[in-house]
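What follows is a set of notes on a single structure, which appears directly below.
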Amino acid sequence: MGETTPDFAFTESLDAEIGRAAETIEGAGHVVALTGAGLSVESGIPPFRGPGGLWTKYGEPPLDGFQRFLRDPARAWRERLEPTEPWARGLAETLGAAKPNAGHRALAALEERDALGALITQNIDDLHRQAGTRNLLEIHGNFTLLRCLGCGTRFESGALDIDPEHLPPRCPECDGVVKGDTVQFGEPIPQDVLRRCYEEVERADCMLVAGTSATVYPAAEFPFEVLRRGGTVIEVNPLESELTRLTTRFLQGPGGAVLTRLLEKVEALRARSVH
Ligand SMILES: [Zn+2]
C-alpha cells in the first residue's frame with residue numbers, strides 16, 4: 000500500500016479488539032460496511048451541525064429543498080450553476096477541496112482483498128469512489144453526479160450539455176427532468192439504491208459501521224437487521240454512540256487509524272493461513 004498508519008496511540012486492549020474484529024471479518028460470509036459523516040472529518044469535511052458545523056457556519060439549506068426544485072427546476076438549476084446562498088457555496092467549496100483519507104483507502108483495500116462485499120454510505124462527498132470502492136451504495140446520492148427524476152439514470156456532471164438558456168436539462172433516455180444526484184431535504188431516497196441496500200444487508204452476516212451512529216432512517220435499520228439474524232456488528236467511532244451497547248466489537252478511535260490497523264490485521268491473518 001505504501002501508506003503509513005495515521006498517528007494514533009493504540010492501547011493494548013484496542014489493538015487486541017481490532018485483532019478480534021479482523022478474525023470476525025475473516026470468518027464472515029458477507030461483510031457490508033456502513034459509513035457516515037464521521038469518516039470524512041479527517042478529510043476536512045466538518046459535520047453539518049454542532050460547533051464548527053457547515054450549517055452552523057454558513058446557515059442551513061431550506062428544509063423543503065426538493066419541493067422548491069419541483070416547483071421551479073429552472074430556478075433551482077440557476078442557483079446550482081451559480082450559487083448565491085452561503086450554505087451552497089460553503090458546501091461546494093468544502094466538498095470540492097476534500098480528498099480521501101486513510102479510512103476511505105483502507106475500506107477500498109478491504110474490498111480489493113474480498114474482505115468487504117459492499118459499502119453503504121450516507122456521505123455525498125464522492126470520497127469512497129475516489130478511494131477506489133466499487134460496490135458503493137450512496138443513500139443520499141453523490142454531489143458530483145446528476146440524476147434523472149424520470150428513469151433514475153445517473154450522469155457524470157460533464158456528460159450532459161447544460162444550456163443555461165434551456166433549464167432544466169433533460170434526460171437523453173426519457174426526456175425527464177435532471178437534477179443533482181444529492182438527495183435534498185424533503186426528497187425520498189432513490190428506490191434503486193434503497194433496494195440494493197436491503198439486498199446487501201439481507202445477505203450480510205457482519206456489518207462494519209464507521210463514522211456514524213446510524214440513528215437516521217434508513218441506515219438505522221441496517222445494523223439491527225444484521226444482529227436480528229444472528230450476525231455481528233463492528234463499530235469504529237471516536238466516541239461511544241447509541242449503537243455501541245449493541246455492537247459485537249467496539250473499536251474506539253479515529254476511522255483513518257483504526258481501519259488501517261484493521262486492514263493490517265486482516266492481511267496478517269491471511270499471511271499466517273498461507274504458511
Ligand atoms: Zn431519464
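The sequence shown lines up with residues 0 to 274 when you count with numbering that gives the first Met the number 0. Beta carbons: idealized from backbone N, C-alpha and C, even for Gly. These numbers come from a predicted model, not from an experiment.
Legend entry - Rounded separation between Phe9 and Trp54 - CA only: Using only the alpha carbons, I get a separation of about 33 Å.
Legend entry - Segment limits, beta strand (DSSP E) that includes Arg153: First-last of the beta strand (DSSP E) with Arg153: 153 to 155.
Legend entry - Limits of the unbroken alpha helix (DSSP H) element including Ile17: Counting along the chain, the alpha helix (DSSP H) containing Ile17 begins and ends at 11 to 26.
Inset, instruction - Pull up the DSSP beta-bridge partners for Thr231, would you. - result: Cys205
Inset, instruction - Quick one: grab the DSSP three-state call for Arg48. - result: coil
Legend entry - Short Cβ contact (8 Å threshold) for Glu164 with Asn134: no
Inset, instruction - Mark Ser272 as exposed unless 16 or more other C-beta atoms lie within 10 angstroms of its C-beta, in which case mark it buried. - result: exposed
Inset, instruction - Spell out a yes or no on whether the stretch 22 to 36 and the stretch 202 to 219 are touching, meaning 3 or more CB-CB pairs, one atom from each, closer than 8 Å. - result: yes
Inset, instruction - Below 8 Å CB to CB, which residues in the same chain sit around Ala219 once its five sequence neighbours on both sides are set aside? - result: Closer than 8 Å at Cβ, skipping near neighbours: Ala213.
Inset, instruction - Look at the Cβ atom of Arg146, then the Cβ atom of Asp180, and state whether they are nearer than 8 Å. - result: yes
Inset, instruction - Measure how close the beta-carbons of Phe7 and Pro253 come, nearest whole angstrom, since I'm counting them as under 8 Å. - result: Confirmed, about 6 Å.
Legend entry - Gln66 burial status per 10 Å Cβ neighbour count (16 or more: buried): exposed
Legend entry - Own chain residues within Cβ distance below 6 Å of Gly131, not counting five before or after: Ala107
Inset, instruction - Round the Cβ separation of Arg260 and Ile17 to the nearest angstrom and send it over; I've been treating them as touching at under 8 Å. - result: 5 Å
Inset, instruction - Pick out whichever of Asn122, Pro99, Leu94 has its Cα sitting closest to the Cα of Val182. - result: Per the Cα distances, Asn122.
Inset, instruction - Would you identify the three-state DSSP class for Gly95, choosing helix, strand or coil? - result: helix
Legend entry - Anticipated Cβ contact below 8 Å, Ala96 with Gly43, distance rounded: 7 Å
Inset, instruction - Check whether the Cβ atoms of Leu115 and Arg195 lie closer than 8 Å to each other. - result: no
Inset, instruction - Check whether the Cβ atoms of Leu250 and Val235 lie closer than 8 Å to each other. - result: yes
Inset, instruction - Compare the beta carbon distance of His127 and His103 with 8 Å and say whether it is the shorter of the two. - result: yes
Legend entry - Simplified DSSP state of Ala32, which is helix, strand or coil: strand
Inset, instruction - Output the boundary residues of the beta strand (DSSP E) element that contains Gly255. - result: Note, Gly255: premise wrong, no beta strand (DSSP E); alpha helix (DSSP H) at 254 to 273.
Legend entry - Beta carbon of Phe184 nearer than 8 Å to that of Gly49: no
Inset, instruction - Check Glu220 in the structure and name its three-state DSSP category. - result: helix
Inset, instruction - Run the CB neighbour count on Glu41, radius 10 Å, all protein chains shown included, and call it buried at 16 or more, exposed below. - result: Glu41 is classed as buried because its beta carbon has at least 16 other beta carbons within 10 Å across all chains shown.
Legend entry - Cβ neighbour criterion (16 or more within 10 Å) applied to Thr211: Under a 10 Å Cβ-count criterion, Thr211 is classified as buried, with 16 or more other Cβ atoms of the shown protein chains found around its own Cβ.
Inset, instruction - Might you give, ordered along the chain, the residues of its own chain that have their beta carbon closer than 7 Å to the beta carbon of Ala91, omitting 5 neighbours on each side? - result: Pro82
Legend entry - Beta-carbon gap between Ala73 and Pro167 smaller than 8 Å: yes
Legend entry - Own chain residues within Cβ distance below 6 Å of Gly1, not counting five before or after: With a pLDDT of 42 at Gly1, under the threshold of 50, the modelled position of that residue is not reliable, and the figure given next carries that caveat. Nothing listed; no residue qualifies.
Legend entry - Rounded separation between Arg275 and Glu84 - CA only: Outside the shown range of the chain (0 to 274) lies residue 275, about which nothing can therefore be said.
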